[in-house]
Structures are given as structure tokens and as C-alpha cells.
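Peer 1: Numbered as in my numbering, the sequence shown ends at 586 without a single skipped number.
Beta carbons are placed, not taken as given, at the ideal position from N, Cα and C, and that holds for glycine.
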Amino acid sequence: MPVLTDPQRLELLKLLQDQPQMSQRDLAQALGVSLGKANYCLKALMEKGLVKFGNFRKNPDKRVYAYLLTPAGLEEKTRITVAFLKRKVAEYEALEQEIEQLRSDLEHRRIQSDALPERQTENQ
Numbered sequence: 463m464p465v466l467t468d469p470q471r472l473e474l475l476k477l478l479q480d481q482p483q484m485s486q487r488d489l490a491q492a493l494g495v496s497l498g499k500a501n502y503c504l505k506a507l508m509e510k511g512l513v514k515f516g517n518f519r520k521n522p523d524k525r526v527y528a529y530l531l532t533p534a535g536l537e538e539k540t541r542i543t544v545a546f547l548k549r550k551v552a553e554y555e556a557l558e559q560e561i562e563q564l565r566s567d568l569e570h571r572r573i574q575s576d577a578l579p580e581r582q583t584e585n586q
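1. Could you tell me if Tyr529 is buried or exposed, where buried requires 16 or more neighbouring beta carbons within 10 angstroms of its beta carbon?
2. Thinking C-beta only, is Thr532 closer than 7 Å to Lys511?
3. Leaving aside the five residues before and after Arg471 along the sequence, list all residues of the same chain whose C-beta is less than 7 Å from its C-beta, in chain order.
4. Which residues mark the beginning and the end of the alpha helix (DSSP H) in which Gly535 is found?
5. Counting C-beta neighbours from all protein chains within 10 Å, is the total for Val465 16 or more, i.e. buried, or is it exposed?
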């Protein structure tokens with residue numbers, strides 16, 4: 463079964479941290495993946511020790527469960543966030559260079575077209 467991309471894994475860890483009581487169905491919908499894939503990914507995170515599953519004992523409704531990030535899960539979320547940010551900064555810088563090159567090309571073409579003599583039409 464395919465694994466989540468880093469942006470999807472980051473989003474999953476954010477969702478679990480911000481809304482630990484989300485159901486697997488809600489997580490799947492938020493991530494845009496199937497329920498089976500969400501279940502598979504949650505199990506993988508639990509096996510890696512990044513997430514634990516438990517219920518709130520003080521809650522009168524004992525059926526309320528939550529997915530909680532472990533300290534290792536918080537570290538993984540931080541690691542992925544840093545990597546994601548580095549990648550986005552690199553993409554931004556590459557786009558800046560591409561935009562600057564396009565502007566330069568347009569300016570060069572404008573200067574060249576301004577230097578050309580006017581085209582004579584047949585009616586003149």
C-alpha cells in the first residue's frame with residue numbers, strides 16, 4: 463500500500479496534534495485519502511511509536527478515543543516541517559530567478575523592437 467507524501471504526513475500529524483479526537487473517517491476525508499489508507503497510515507505511525515491511541519478515562523463517555531502524538535511524533539512533525547520549509551524556500555527562490563529571467567528577456571525584446579525601424583505598409 464502506498465505511503466503518505468511528506469506534506470500529507472505533516473498534515474496528518476498536525477491534525478492529530480490539533481484535533482486528537484478526530485475519527486479515522488474524518489482524518490481520511492481531511493487528507494483526501496481512503497479510509498483504508500488512513501487506517502494503514504495510523505497503524506504505521508503507532509508501530510513507529512509516533513502516535514499512541516487511548517481513551518479519556520475522566521470522560522463520562524468511555525467510547526471517546528484520541529490519537530496522541532508521542533514525544534517522538536512531535537520530533538518527527540518538527541523534522542518534516544523543517545524539511546518542508548526548506549523545500550518551499552528553494553522552490554520560491556527558483557521561481558524568483560525564473561521570474562527575473564523572464565522580465566529580463568521581455569525587457570531585452572522590448573529594447574530590440576524599439577530599435578527596429580517602423581515597418582512600411584503597402585498603402586503608404
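Peer 2: According to the data block:
1. Counting other Cβ atoms within 10 Å of its Cβ, Tyr529 reaches 16 or more and is therefore classed as buried.
2. Note on residue identity: the sequence assigns Gly, not Lys, to residue 511. Yes, the pair counts as a contact, with Cβ atoms nearer than the cut-off.
3. Hits under 7 Å: Ile542.
4. Element bounds for Gly535: Pro533 to Ala577.
5. Under a 10 Å Cβ-count criterion, Val465 is classified as exposed, with fewer than 16 other Cβ atoms of the shown protein chains found around its own Cβ.
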